[in-house]
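Notes follow once the structure below has been shown.
Residue numbers (this note's numbering): 22 to 282.
In structure tokens:
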């Protein structure tokens, strides 16, 4: 195991068997500050540069996943200062979405505001039965996260959350497609690690291409998207890793990507 955590730092990165576990750890509720956004950007940049990282699990330490952002620092901001801060927040969110390997959000508790957006930007969401989700910004004179929620849930649910600030429990979140699975709290990380294990069993090269393709086609029409996918599929015909995966399937054995480029 390799650890990127420094004592007192709000973001912990631990890498084991190709899986980077990124833990938000700012008690009591992992609320984000500018420094925490910067720390997450740095962690994601490190993961993107590390070819040994093949999947990411994002979770929170303690009783919350992430309860949002601290609002104290925003109260005296000018419009220009707010725009500057929001640009850095946007860069952080983009870095999470653009992570070159699949990201699993293991939502251990409240995912509010910023926490809801972080979960929505993951590729897969696993929630503890104790998790709750909300976009409460409207209650403090702000807004945000509407479009991020719309990428995973029906538009009506996204609007309900954004316009009322209501909380959605784990069962309702699963019903409305905010999360893919709901598990007992003690099973959360085991479930996330099992999904990560399945991801890391595939070709690293093909998985990165699949992640990039999923992001690229998300906003395309059906025909344009499939044309893009077909271009990637064709390029894989000359990939040693893709060939090894296919041969292993035919020969009924476990693939070995260590010698296939």
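C-beta: ideal position from N, C-alpha, C; glycine also.
Query, Result
"Opening and closing residue of the alpha helix (DSSP H) in which residue 286 lies", "The structure shown does not extend to residue 286, since the chain is modelled only from 22 to 282, so the question has no answer here."
"For residue 203, the residue or residues it bridges with in DSSP", "148"
"4 or more residues per run - each alpha helix (DSSP H) lying fully within the region 159–187", "167–171, 176–185"
"Under 7 Å between C-beta atoms of residue 81 and residue 87", "yes"
"Three-state class that DSSP yields for residue 71 in the structure shown", "coil"
"Beta-carbon proximity check, residue 130 vs residue 152, cutoff 7 Å", "yes"
"Proximity of residue 186 and residue 159 at Cβ, strictly below 7 Å", "yes"
"Cβ-based neighbour list, residue 112, same chain, cut-off 8 Å, excluding 5 preceding and 5 following", "62"
"Proximity of residue 91 and residue 135 at Cβ, strictly below 7 Å", "no"
"Nearest candidate by alpha-carbon position, reference residue 72, set 137, 192, 240, 121", "121"
"Other residues of its chain near residue 191: CB distance less than 6 Å, five sequence neighbours each side excluded", "148, 150, 152, 203"
"Neighbour-count burial assignment, residue 259, 16 or more Cβ in a 10 Å radius", "exposed"
"Inter-residue spacing [alpha-carbon to alpha-carbon] between residue 171 and residue 117", "17 Å"
"Residue nearest to residue 237 in terms of C-alpha spacing, selected from 223, 253, 201, 154", "253"
"Residue range of the alpha helix (DSSP H) that includes residue 137", "135–142"
"Helix, strand or coil at residue 153 [DSSP, three-state]", "strand"
"Element boundaries [beta strand (DSSP E), containing residue 79]", "76–81"
"Exposure label - residue 99; buried when at least 16 CB within 10 Å", "exposed"
"Where residue 93 falls: helix, strand or coil (DSSP)", "helix"
"Spatially closest choice to residue 125 from 164, 115, 102, 209, by CA coordinates", "209"
"Cut-off 8 Å between Cβ atoms - residues of its own chain near residue 267, not counting five sequence neighbours on either side", "none"
"Per-residue burial, residue 27 [other beta carbons within 10 Å of its own, 16 or more giving buried]", "With a pLDDT of 49 at residue 27, under the threshold of 50, the predicted position of this residue should be treated as unreliable, and no value is reported."
"Alpha-carbon spacing of residue 239 relative to residue 48, whole angstroms", "35 Å"
"Cβ separation of residue 183 and residue 166, assumed to be a contact under 8 Å, to the nearest whole Å", "7 Å"
"C-beta contact flag for residue 217 and residue 127 at 7 Å", "no"
"Counted within 10 angstroms of its Cβ, other Cβ atoms place residue 65 as buried (16 or more) or exposed", "buried"
"Those residues which DSSP pairs with residue 38 across a bridge", "Beta-bridge pairing links residue 38 to no other residue."
"Host alpha helix (DSSP H) of residue 251 (start-end)", "243–256"
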